[in-house]
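Asks: The structure's right below; bear with me while I get my questions together.
Number of protein chains: 2
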Amino acid sequence: MAVTLHDVARAAGVSIKTVSNVINDYPHIRESTRARVLEAIAELGYQPNLSARGLRSGRTGAISLIIPDLKNAYFAELADAVMRAAGEHDLVVMIQQSGGMRERELEVLHGPRMRMVDGVLFSVLALGQDDAHLLDIPTPLVMLGERIFNGPADHVTMKNVEASRAATEHLIGLGCRRILAFGAHENEVIGSAGLRLTGYKQAIEAAGRPLDESLIVNVGNWHRSDGAEAMRAALARGLQFDGLVAFNDSIALGAMRVLQEAGIRIPEDVAVIGFDDIDETRYSLPSLSTIDPGREEIARTAVSVLMERIADPASERPPREYEADFRVVVRESTMGRAS
Amino acid sequence: MAVTLHDVARAAGVSIKTVSNVINDYPHIRESTRARVLEAIAELGYQPNLSARGLRSGRTGAISLIIPDLKNAYFAELADAVMRAAGEHDLVVMIQQSGGMRERELEVLHGPRMRMVDGVLFSVLALGQDDAHLLDIPTPLVMLGERIFNGPADHVTMKNVEASRAATEHLIGLGCRRILAFGAHENEVIGSAGLRLTGYKQAIEAAGRPLDESLIVNVGNWHRSDGAEAMRAALARGLQFDGLVAFNDSIALGAMRVLQEAGIRIPEDVAVIGFDDIDETRYSLPSLSTIDPGREEIARTAVSVLMERIADPASERPPREYEADFRVVVRESTMGRAS
DNA sequence: CTGAAAGCGCTAACAA
DNA sequence: TTGTTAGCGCTTTCAG
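Protein chains in written order, with UniProt numbering: chain A, 1 to 339; chain B, 1 to 339.
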């Protein structure tokens, strides 16, 4: 059997409460006592039973991170950032994949596992604005992503509209005349695709240009292969363009590949900018200009907001919206063009 | 406060034991009783307190996965496979990153968090054969990776030597005369680099060719930028070759980029094959031939072996070594060459 | 087939 | 400054 507080107490010749005090850094302990207890702990190799502590204190020291899919580089990097931020608060992270499926998102969110963690970070993908009421769960919750705003929980996101506008303006500044909005979702207003399209339109309009609907290209999923496929179709129907704002990096990379296969040079013939700043963009050929969405800041903010809610679950403070700062990252795919 | 078994028992007019029986699918319950209890559970929205259950039963239903770094695509895909395999056993996964640092690996492995999970999957990177004794922990453990063999715990890995040999033979079969072993680690025998180099040497030898030491290129870390850098240096010193076996996909992709910048065509001038079959290899330009290390099988095997150990922690069965099957995946980077 | 009661290891009132 | 004690919610003998 494992060593318990009792064993340590007996070995150190003190009561179990004293051992508990030492472990929990209770301030008023005689130095000699503390030393004796610590020695006993080391000697016996005592480690606290976290289930017991969780039962008693109501805290487990774990949080859950719900994301669509770790194979997606964006979410893997988000998870990494979250785990490092959580580590600084001595929290451990349970990751649960939703596959971006509505049923699964709800299942995970309302499942019994939520009772195993102190709080949840939920990167929403399938649920939408109309489902906001379903997010009202007993566990402290912070939402991530662009699907639900002003819901019943705190929300950390990026400046989608502004960032997309800045990306588009970057291409306009390069002298691009016909800029593709690549990755739209039909009829979506809220959501990454909808918001980024809005930013694109704002930039075009601010430049005093007419909006050419034929330059808006839908890409259903945002995997590399979807980007490649959509670009292949666009070229097949003879679409003409000299700039490309992709709504994420993966489809940008997929599109770049197809462009290059077609003998189109980047950035000379077409300048390309993506979205997310995943690691890979630094190493593609050419390296990909993109938007750094402030992932680190998002993760840090989300964890600390969650910590506050955990610390004071009864707080009456209404849910808040947080927006991380973005940055236009200029790389080869938009560099060296005449401006 | 949350709903407890007592509340459900009271609502259903039965004892707490009966509710517990229903929840745990105890077979001998009158149907009418079961129905009444289930109704009460649904009505009150009862969810079991997992800490209490964990304290009482000694099981938490969670396992820990220790990996170096989620930003590394290989480990992200491994984590995904593990989480899906674990899900099939109703296990949830806590991911902990070691950064591939020795101190951190030990810290995590011996930390108190291990008492929060039923078992651990540990993808070893920094610890080596001499540290095998440090893996003797009270929590059921399954090791992954190529660093420690025949240690005190079950071990699931891939056929490194055979796979590397097969990759090399694939290039030999294509007619390559000077094949680079790309990604070696000086003096390493055990470990991914060491084993894969062994496979390379076996293939060269079996083909009746002399081993040319100058074709063995060290690459310290295995990130894309390291591959690019090593290739740049190789070209600078005038190294001549027409084939490239990279010991992982990332350095293969980095090297490909540098080769292409130098005007070297793939596969016409240099045929390239990588290792790991990360998602990205399907979409690079050209797509990258590689070794599928049997990640799915590794994950499934690891989880089920761990489950067995958890089910019978006192088992005297000695630790076992498992090897997943590999597969040579031929893509554009080695296709269409005269054979 | 169901109920009563003990106790998993810990924290936190309350005492001393 | 330290000890005593009562549960946290659940599973599990042991009776009935």
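Where a beta carbon is used, it is the ideal one built from N, C-alpha and C, also for glycine.
Would you kindly report the start and end of the unbroken beta strand (DSSP E) that includes residue 216 of chain A?
Replies: Position 216 of the first sequence holds residue 216 of chain A. Start and end: 216-218.
Asks: Hey, how far is the Cα of residue 267 of chain A from the Cα of residue 320 of chain A?
Replies: Locating residue 267 of chain A in the first sequence gives position 267, counting from the first residue. Locating residue 320 of chain A in the first sequence gives position 320, counting from the first residue. Answer to the nearest angstrom: the Cα atoms are 41 Å apart.
Asks: Quick check on DSSP: helix, strand or coil for residue 224 of chain A?
Replies: Residue mapping note: residue 224 of chain A aligns to position 224 of the first sequence, counting from 1. DSSP places residue 224 of chain A in helix when its eight states are reduced to three.
Asks: At a Cβ cut of 7 Å, what residues of the stretch 103-119 of chain B count as close to chain A, listed as they run along the chain?
Replies: So the close ones are 112, 113, 115 and 116.
Asks: Can you list the residues of chain B that residue 283 of chain A reaches, using a CB-CB cut of under 8 Å?
Replies: Position 283 of the first sequence holds residue 283 of chain A. Chain B residues near residue 283 of chain A: 224, 225, 228, 253, 254 and 257.
Asks: Measure from the alpha carbon of residue 12 of chain B to the alpha carbon of each residue in B/37, B/211 and B/214, then state which is nearest.
Replies: One-based indexing of the second sequence puts residue 12 of chain B at position 12. If we check each option's Cα against that of residue 12 of chain B, B/37 comes out closest.
Asks: Under DSSP, the beta strand (DSSP E) around residue 283 of chain B begins and ends at which residues?
Replies: The residue given as residue 283 of chain B occupies position 283 in the second sequence. Counting along the chain, residue 283 of chain B falls outside any beta strand (DSSP E), and DSSP gives it neither H nor E.
Asks: What does DSSP give as the partner residue(s) for residue 212 of chain A in the beta ladder?
Replies: The residue given as residue 212 of chain A occupies position 212 in the first sequence. Secondary-structure assignment with DSSP links residue 212 of chain A through no beta bridge to anything.
Asks: For residue 65 of chain B, name the three-state secondary structure that DSSP assigns.
Replies: As a working note, residue 65 of chain B is residue 65 in the second sequence. Strand, per DSSP.
Asks: Can you list, in chain order, the stretches of the alpha helix (DSSP H) that have 4 or more residues and sit fully within the stretch 8-60 of chain B?
Replies: 16-23, 31-44 and 50-57
Asks: CB-CB under 7 Å to residue 15 of chain A, same chain, minus the five flanking residues each way: which ones, in chain order?
Replies: As a first step, residue 15 of chain A is located in the first sequence; it is residue number 15 there, counting from the start. Excluding positions up to five away in sequence, the list reads 9.
Asks: Select from B/222, B/18, B/108 and B/131 the residue whose C-alpha is nearest the C-alpha of residue 185 of chain B.
Replies: Indexing the second sequence from 1 puts residue 185 of chain B at position 185. If we check each option's Cα against that of residue 185 of chain B, B/222 comes out closest.
Asks: Return the chain-ordered ranges of every beta strand (DSSP E) run that is complete within the stretch 97-166 of chain B and spans a minimum of 3 residues.
Replies: 119-123, 141-144 and 154-158
Asks: How would you call residue 89 of chain B, buried or exposed, if buried means at least 16 neighbouring beta carbons within 10 angstroms?
Replies: Here residue 89 of chain B corresponds to residue number 89 of the second sequence, with the count starting at 1. Of the other Cβ atoms in all chains shown, fewer than 16 fall within 10 Å of the Cβ of residue 89 of chain B; this residue is therefore exposed.
Asks: Note the first and the last residue of the continuous alpha helix (DSSP H) segment covering residue 323 of chain A.
Replies: Within the first sequence, residue 323 of chain A is the residue found at index 323, counting from 1. It is not in any alpha helix (DSSP H) - residue 323 of chain A instead sits in the beta strand (DSSP E) that spans 321-324.
Asks: For the alpha helix (DSSP H) containing residue 75 of chain B, name the first residue and the last one.
Replies: On the second sequence, position 75 is the one that residue 75 of chain B refers to. Its alpha helix (DSSP H) spans residues 73-88.
Asks: Out of A/155, A/136 and A/189, which one is the CA nearest neighbour of residue 322 of chain A?
Replies: Stepping through the first sequence from its first residue, residue 322 of chain A is reached at position 322. Of A/155, A/136 and A/189, the residue nearest in Cα terms is A/155.
Asks: Does the distance from the CB of residue 32 of chain B to the CB of residue 67 of chain B come in under 8 Å?
Replies: As a first step, residue 32 of chain B is located in the second sequence; it is residue number 32 there, counting from the start. As a first step, residue 67 of chain B is located in the second sequence; it is residue number 67 there, counting from the start. No; because the gap between Cβ atoms is not below 8 Å, this pair is not in contact.
Asks: Would the stretch 266-286 of chain B and the stretch 40-58 of chain B be scored as touching if the rule is three or more Cβ pairs under 8 Å?
Replies: no
Asks: Going by beta carbon distance, what residues of the same chain come within less than 6 Å of residue 243 of chain A, once the five residues before and after it are set aside?
Replies: In the first sequence, counting from the first residue as 1, residue 243 of chain A sits at position 243. Cβ neighbours of residue 243 of chain A beyond the five flanking positions: 171, 176, 179 and 271.
Asks: Could you tell me the distance, in whole angstroms, from the CA atom of residue 308 of chain B to the CA atom of residue 109 of chain B?
Replies: One-based indexing of the second sequence puts residue 308 of chain B at position 308. One-based indexing of the second sequence puts residue 109 of chain B at position 109. Looking at the two C-alpha atoms, the distance is approximately 20 Å.
Asks: Quick check on residue 70 of chain B: does DSSP put it in helix, strand or coil?
Replies: Here residue 70 of chain B corresponds to residue number 70 of the second sequence, with the count starting at 1. Residue 70 of chain B falls in the coil class under three-state DSSP.
Asks: Can you tell which of A/82, A/284 and A/50 has the C-alpha that lies nearest to the C-alpha of residue 294 of chain A?
Replies: Position 294 of the first sequence, counting from 1, holds the residue named residue 294 of chain A. Selected option, being the one with the closest Cα: A/82.
Asks: Hey, how far is the Cα of residue 143 of chain B from the Cα of residue 167 of chain A?
Replies: Within the second sequence, the letter at position 143 stands for residue 143 of chain B. Within the first sequence, the letter at position 167 stands for residue 167 of chain A. Answer to the nearest angstrom: the Cα atoms are 45 Å apart.
Asks: Just curious, the beta strand (DSSP E) that residue 327 of chain A is in, first and last residue?
Replies: Here residue 327 of chain A corresponds to residue number 327 of the first sequence, with the count starting at 1. Run containing residue 327 of chain A: 327-329, per the beta strand (DSSP E) assignment.
Asks: Could you please give the first and the last residue of the uninterrupted alpha helix (DSSP H) stretch that includes residue 311 of chain B?
Replies: As a first step, residue 311 of chain B must be located in the second sequence, where it is residue number 311. Its alpha helix (DSSP H) spans residues 295-311.
Asks: Under 8 Å between C-beta atoms, does residue 92 of chain B make it to chain A?
Replies: Residue mapping note: residue 92 of chain B aligns to position 92 of the second sequence, counting from 1. Chain A contact via Cβ: present.
Asks: First and last residue of the alpha helix (DSSP H) that includes residue 195 of chain B?
Replies: Within the second sequence, the letter at position 195 stands for residue 195 of chain B. Looking at the DSSP string, the run of the alpha helix (DSSP H) that includes residue 195 of chain B is 192-206.
Asks: Distance, Cα to Cα, residue 336 of chain A vs residue 279 of chain A?
Replies: Stepping through the first sequence from its first residue, residue 336 of chain A is reached at position 336. Stepping through the first sequence from its first residue, residue 279 of chain A is reached at position 279. Take the alpha-carbon of residue 336 of chain A and the one of residue 279 of chain A: they are about 22 Å apart.
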